[in-house]
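So for the sequence shown, the numbering used here puts the first residue at 1; every next one is plus one. A short worksheet on the structure shown next.
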Amino acid sequence: MTIFDSFLLAQLDVFIPVSGIALLILFCFELSVSLRLLLWRQPALAPVEIRQDESSSRARRRNSYD
């Protein structure tokens, strides 16, 4: 094994755990931000009850709007 090979292996021994920890921190940060946004999100649509008047539905059928 040459000096370059041993230097490369030493770099990988440090790089792989550090990059794994950095990715884990980034994932946890993204997850916490997403959960915070989901909890604080206001409902986009309020439930609305649709009522149909009998006289308007008959008039529509008579005028063939349906």
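Just so you know, even glycine gets a beta-carbon here, dropped at the ideal spot from N, CA and C.
query: Distance between residue 14 and residue 2 (C-alpha atoms, nearest Å); result: 19 Å
query: DSSP-derived helix/strand/coil call for residue 17; result: helix
query: Cα-Cα separation, residue 97 to residue 30; result: Residue 97 is absent from the model: the chain starts at 1 and stops at 66.
query: Own chain residues within Cβ distance below 7 Å of residue 16, not counting five before or after; result: none
query: Per-residue DSSP class, three states only, for residue 10; result: helix
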